[in-house]
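First the structure, in the form of structure tokens, and then the observations on it.
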Amino acid sequence: MLQVEKPAWDTMVSHAEKTFPKECCGVMLGSDGLVREVVPLPNVYTGPQEDFFVMDPLDLHRVDVEARKKGLDVLGVFHSHPNCDAYFSKRDLENSCSWFSYVVLSIKDGRFDHANSYRPDFDQKEAPKEELIYG
Amino acid sequence: MAKILIPTPLRQFAGKQDSVTLAGATVGEVLQSLTSQYGELRRHLYNDEGKLRSFVNVYVNDDDIRYLEKEATPLKDGDTVSIVPSIAGGSAGVAAPPVTLSKEEILRYSRHLIMPEVGMEGQLKLKNAKVCLIGTGGLGAPLGMYLAAAGVGRIGLVDFDVVDFTNLQRQVIHGTKDVGRKKLDSAADTMRDINPYVEIDRYEVALTSENALDILKNYDIVVDGTDNFPTRYLVNDACVILRKPNVYGSIFRFEGQATVFAYEGGPCYRCLYPEPPPPGLVPSCAEGGVLGILPGTIGLIQATETVKLILGIGEPLVGRLLLYDALAMRFRELKLRRNPECPVCGDHPTIHELIDYQEFCGIPNQPHEPAPSEGDIDPVEVKAKIDRGEPFVLIDVREPHEYQICRIPQAKLIPLGDLPMRVNELNSADEIVAHCKSGVRSAKAVDFLKQAGFRKVRNMKGGILAWSDKVDPSVPKY
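Next up, the structure:
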């Protein structure tokens with residue numbers, strides 16, 4: 476189960492809506508399954524960003540170092556799917572990392588529609604849904 | 003001693019510590035030592051072959067070890083090693099949520115759906131497939147129409163040409179009403195009329211080394227319907243680099259070839275033809291002609307292979323070059339093997355990116371009008387000479403079947419190939435003008451005659467096509 480506190484959730488949704496029609500991404504920080512802070516990160520994919528995102532590992536590294544200083548953990552990452560549903564796509568799975576929760580936000584016509592959270596396995600074969608509580 | 007920062011989710015496997023300090027001379031050594039101390043961590047960081055998982059990045063202080071010495075990167079006392087995953091993804095390449103067929107689509111594809119080899123699963127594969135057609139001419143026409151009809155979900159078209167009357171004898175995707183329109187628009191209209199459920203991407207460009215990878219990377223399969231060597235090599239190399247199958251076809255007069263290149267360890271075009279032929283040696287369809295139905299036959303073999311690859315059924319035409327002879331109505335097969343020495347798909351490839359294919363094929367990059375040689379004469383001047391009644395001999399070096407299409411009444415027919423035998427029919431004292439269709443063959447005839455000692459020979463510039471433009475529009479162009 477992943478729970479996101481309201482201010483953190485609002486940050487995620489507003490980042491996703493602002494980045495529309497491109498995909499956004501970012502990191503969720505907290506502890507024990509409770510997300511208390513969100514850090515939006517730039518999508519550094521050099522191709523069309525409407526249906527793909529890449530996080531700069533160095534950005535993630537810096538966020539991790541900062542989080543440790545504050546006593547927070549990196550619980551997961553989030554990204555948006557502009558104008559389509561919040562499924563875990565083939566590309567999401569192929570690029571997934573089993574260590575994290577993956578929150579996907581569906582943004583339709585610039586507005587938040589719905590979201591899901593997934594836990595991919597080691598071999599990037601499956602990503603079962605986990606319960607997501609927000610707001 | 004180096005400090006390893008343990009990523010949050012992995013701390014449960016490292017005694018709940020957020021960092022571990024270990025001895026080791028290199029990154030590889032401390033990671034080995036970490037995973038032997040905390041066995042559970044191993045499968046999170048390494049795959050079954052003992053390699054770091056693809057999504058694992060390791061930093062020493064702030065430097066990615068990929069840009070240092072990888073796992074052999076040396077460590078000093080006090081260095082910090084961080085383990086950071088690569089994170090990427092996106093909505094593209096939908097796999098998890100199955101696309102479904104609407105009631106209308108089920109009706110439309112019912113003859114596919116009732117075959118177990120296709121069925122609902124196969125039809126969904128077709129709907130999810132992305133195929134790029136290079137060219138919407140002779141081969142592209144049947145390909146575009148049948149792949150659209152079959153329900154291929156997304157079809158890219160690359161063409162920058164305009165429909166003209168000489169296309170209509172074979173390019174059945176375009177009609178008489180389309181003459182003068184962009185081939186892309188005309189082809190897309192026909193395909194959408196056949197199947198409105200198909201998404202069509204139009205690329206009004208010549209495929210080049212600069213744009214090929216960007217265009218083709220969006221598709222699963224590339225179908226080569228081009229008619230020139232530079233583009234064939236370009237499509238081939240791009241497919242090998244992108245690891246996408248290249249469904250190949252070529253046509254000439256009454257004969258065609260088809261095969262699938264660059265498919266899972268199979269050969270590529272360069273394995274078959276390592277070097278292009280010298281420019282001008284192999285005539286194009288515009289020069290040599292083509293039976294109008296032939297591209298239909300070959301294009302549909304390409305379409306069949308494309309659909310089989312998408313469905314994953316049958317035996318793909320890989321490692322086999324299918325040769326078709328329409329006159330004999332015979333198919334033959336040549337075995338093709340991947341060449342381990344091949345510069346693009348071999349064991350030690352030397353070409354890793356796209357090159358200048360015009361140059362590779364010996365074609366000058368800026369095609370320029372040949373400088374008017376003193377041996378040239380304009381059709382208007384030839385006509386004036388005829389009208390003035392000047393004595394000279396006009397020879398037509400085209401083939402007899404071309405002579406039947408159109409001719410200049412005063413011209414004497416001596417096909418280029420017969421010229422050496424029939425040179426005695428000409429008198430070197432006469433003034434001679436040679437012509438052909440566009441001026442290329444007659445230039446060869448002029449060269450030949452000059453070598454044979456003729457001094458007063460000239461080439462009618464632009465051939466009978468220019469004659470039709472400048473002198474007598476009633477002469478049909480072909």
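So the protein lines, in turn, are chains A and B.
All letters in the first sequence, in the order written, are residues 476 to 610 by our numbering.
All letters in the second sequence, in the order written, are residues 3 to 480 by our numbering.
Backbone N, C-alpha and C fix where the C-beta goes; we use that ideal spot for every residue, glycine too.
All values derive from a computational prediction rather than experimental measurement.
Residue-level contact to chain A via CB, residue i, 8 Å cutoff
| i | result |
| --- | --- |
| residue 46/B | yes |
| residue 10/B | yes |
| residue 151/B | no |
| residue 441/B | no |
| residue 4/B | no |
| residue 86/B | yes |
| residue 89/B | yes |
| residue 92/B | yes |
Cβ neighbours of residue i in the same chain (closer than 6 Å, five flanking residues each side left out)
| i | result |
| --- | --- |
| residue 507/A | none |
| residue 151/B | 196, 197 |
| residue 302/B | 144 |
| residue 25/B | 3 |
| residue 72/B | none |
Continuous alpha helix (DSSP H) stretch holding residue i: start and end
| i | result |
| --- | --- |
| residue 289/B | 287 to 290 |
| residue 39/B | 29 to 39 |
| residue 196/B | 185 to 196 |
| residue 467/B | 465 to 472 |
| residue 301/B | 296 to 313 |
Whole-angstrom distance between residue j and residue i, CA atom to CA atom
| i | j | result |
| --- | --- | --- |
| residue 206/B | residue 464/B | 29 Å |
| residue 79/B | residue 519/A | 34 Å |
| residue 123/B | residue 129/B | 10 Å |
| residue 326/B | residue 349/B | 31 Å |
| residue 610/A | residue 355/B | 50 Å |
| residue 235/B | residue 513/A | 49 Å |
| residue 319/B | residue 304/B | 9 Å |
| residue 313/B | residue 127/B | 6 Å |
| residue 476/B | residue 351/B | 56 Å |
| residue 268/B | residue 260/B | 14 Å |
| residue 23/B | residue 58/B | 20 Å |
| residue 113/B | residue 341/B | 41 Å |
| residue 105/B | residue 590/A | 29 Å |
| residue 460/B | residue 480/B | 23 Å |
| residue 546/A | residue 540/A | 10 Å |
| residue 262/B | residue 321/B | 8 Å |
Nearest residue (CA-CA) to residue i, options the options
| i | options | result |
| --- | --- | --- |
| residue 499/A | 589/A, 610/A, 598/A, 582/A | 582/A |
| residue 271/B | 243/B, 298/B, 288/B, 295/B | 243/B |
| residue 550/A | 87/B, 438/B, 429/B | 87/B |
| residue 221/B | 240/B, 234/B, 211/B | 240/B |
| residue 360/B | 21/B, 23/B, 209/B | 209/B |
| residue 474/B | 264/B, 217/B, 382/B, 460/B | 382/B |
| residue 599/A | 476/A, 587/A, 567/A, 606/A | 567/A |
| residue 93/B | 574/A, 556/A, 591/A, 571/A | 556/A |
| residue 187/B | 161/B, 211/B, 199/B | 161/B |
| residue 437/B | 51/B, 190/B, 10/B, 396/B | 396/B |
| residue 597/A | 607/A, 573/A, 585/A | 573/A |
| residue 476/A | 517/A, 588/A, 509/A, 487/A | 509/A |
| residue 232/B | 471/B, 379/B, 363/B | 363/B |
| residue 280/B | 249/B, 365/B, 329/B | 365/B |
| residue 462/B | 165/B, 173/B, 328/B, 413/B | 413/B |
Sequence-distant residues of its chain with Cβ nearer than 7 Å to residue i (five each side left out)
| i | result |
| --- | --- |
| residue 192/B | 147, 175 |
| residue 594/A | 576, 602, 603, 605 |
Close-in-space but distant-in-sequence residues of the same chain around residue i (CB under 8 Å, 5 per side omitted)
| i | result |
| --- | --- |
| residue 17/B | 40 |
| residue 286/B | 229, 230 |
Residue-level contact to chain B via CB, residue i, 8 Å cutoff
| i | result |
| --- | --- |
| residue 573/A | yes |
| residue 536/A | yes |
| residue 596/A | no |
| residue 517/A | no |
| residue 528/A | yes |
| residue 591/A | no |
| residue 499/A | no |
| residue 511/A | no |
| residue 514/A | no |
| residue 548/A | yes |
| residue 442/A | Since the first and last residues shown for chain A are 476 and 610, residue 442/A lies out of range. |
Partner residues on chain E for residue i, Cβ-Cβ distance less than 7 Å
| i | result |
| --- | --- |
| residue 59/B | Absent from the structure is chain E; the protein chains it does hold are A and B. |
Where the beta strand (DSSP E) through residue i begins and ends
| i | result |
| --- | --- |
| residue 609/A | 607 to 609 |
| residue 509/A | 509 to 516 |
| residue 226/B | 223 to 226 |
| residue 506/A | 500 to 506 |
| residue 263/B | 257 to 263 |
| residue 554/A | 548 to 557 |
| residue 590/A | 586 to 593 |
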